[in-house]
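Beneath this line is the structure, given in structure tokens, with notes to follow.
Number of protein chains: 2
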Amino acid sequence: MKRPARAALRVEREVLPRGIAARSLSAHALESAVDLLSAMAHPARLRVLLALSRRGPQSAGALAELCGLEQSAASHQLRVLRDARLVAAERDGKRIIYRLADDHVAQIVEDALAHAAEG
Amino acid sequence: MKRPARAALRVEREVLPRGIAARSLSAHALESAVDLLSAMAHPARLRVLLALSRRGPQSAGALAELCGLEQSAASHQLRVLRDARLVAAERDGKRIIYRLADDHVAQIVEDALAHAAEG
DNA sequence: CTCAAGTATGAAAAATCATTCATATGAAGG
DNA sequence: CCTTCATATGAATGATTTTTCATACTTGAG
């Protein structure tokens, strides 16, 4: 650890009723970000996202098998991911094909893994 | 059932037929990533990270005020962040100064917010 | 040594989340 | 229709997290 010893120590007594951080970005954006992260913060769901990221769109059943999940469990997790708009679903005959909602999702997943790999 | 694969690393589940994910990603890395994301996936904690990212190192008390948290609550959340190694703490007199553990953390926070802002 | 400021900790209640099992829906084929 | 495959849903239980309150620790001042 390094010592700050500089201006940082001076900053604390500013009059901020409820905090700048609380206001400087919309509460909605922060909530959305939390929802996004919450949806990713689960082993099975992260696996699903990773599988979609690396192998492309897959059916619910294929994802279940790829990730070692029971059918029902997979479906529940996929619903969480869908609700959080991390994945999109499309029916194809009997199957339902899932894909990542956008590139940003893959980006965050990869960043998180990269960070984890370092530490 | 799972069968003994080559000893070595303890792989919790191996149900991926010829899975890229199975090989290229250790179960440990995935768990670490989940821990990282879990620690960020909370409104108060994300606010703390954001405050640290945008305003630099702060004392526990300053963070509490910036984020609109009670002392005890802030301390509990800071412990979660510390345990997950997202922040580092350093004592300075009576105060304890927190800072982001590394740039990767800020990166992920900003990515998540960027994504949230879009959708 | 005593006190106050700044922070941390522990325990218990409350809230949220995960897992499982059973059942329901919807699509295609006979 | 009836059956079967593929997927979703709901309810119940168990586990984990959050929140709050009270209290303890540490440091600098006097």
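Heads up: the protein sequence lines correspond to chains C and U, in order. The first sequence runs 1 to 119 under our numbering. The second sequence runs 1001 to 1119 under our numbering. C-beta: ideal position from N, C-alpha, C; glycine also.
- The continuous alpha helix (DSSP H) containing D83 (chain C) extends over residues 71-83.
- In this structure, A39 (chain C) lies near L86 (chain C), with their beta-carbon atoms less than 8 Å apart.
- The continuous alpha helix (DSSP H) containing L1063 (chain U) extends over residues 1060-1067.
- Secondary-structure assignment with DSSP links I96 (chain C) through a beta bridge to C:R91.
- Per DSSP, reduced to three states, the secondary structure at H1042 (chain U) is coil, with no helix or strand assignment.
- Contact with chain C is absent for L1100 (chain U), since none of that chain's Cβ atoms lies less than 8 Å from the residue's Cβ.
- In the three-state reduction of the DSSP assignment, D1102 (chain U) falls in the coil class, being assigned neither a helical nor a strand state.
- Below the 7 Å Cβ cutoff, chain U contributes A1041, H1042, P1043, L1046 as neighbours of V34 (chain C), in chain order.
- A distance below 8 Å between beta-carbons, with the five flanking residues on each side excluded, links Q1077 (chain U) to the following residues of its chain, in chain order: H1042, A1044, R1045, V1048, L1069.
- In the three-state DSSP reduction, S1026 (chain U) falls in the coil class, being neither helix nor strand.
- Against S38 (chain C), the close residues of chain U are A1041, in the order they occur along the chain (beta-carbon pairs closer than 7 Å).
- Three or more Cβ pairs closer than 8 Å define a contact, and the stretch 95-110 of chain C meets that threshold against the stretch 54-69 of chain C.
- Residues of the same chain with a CB within less than 7 Å of the CB of L1050 (chain U), apart from the 5 flanking positions on each side, are V1109 in chain order.
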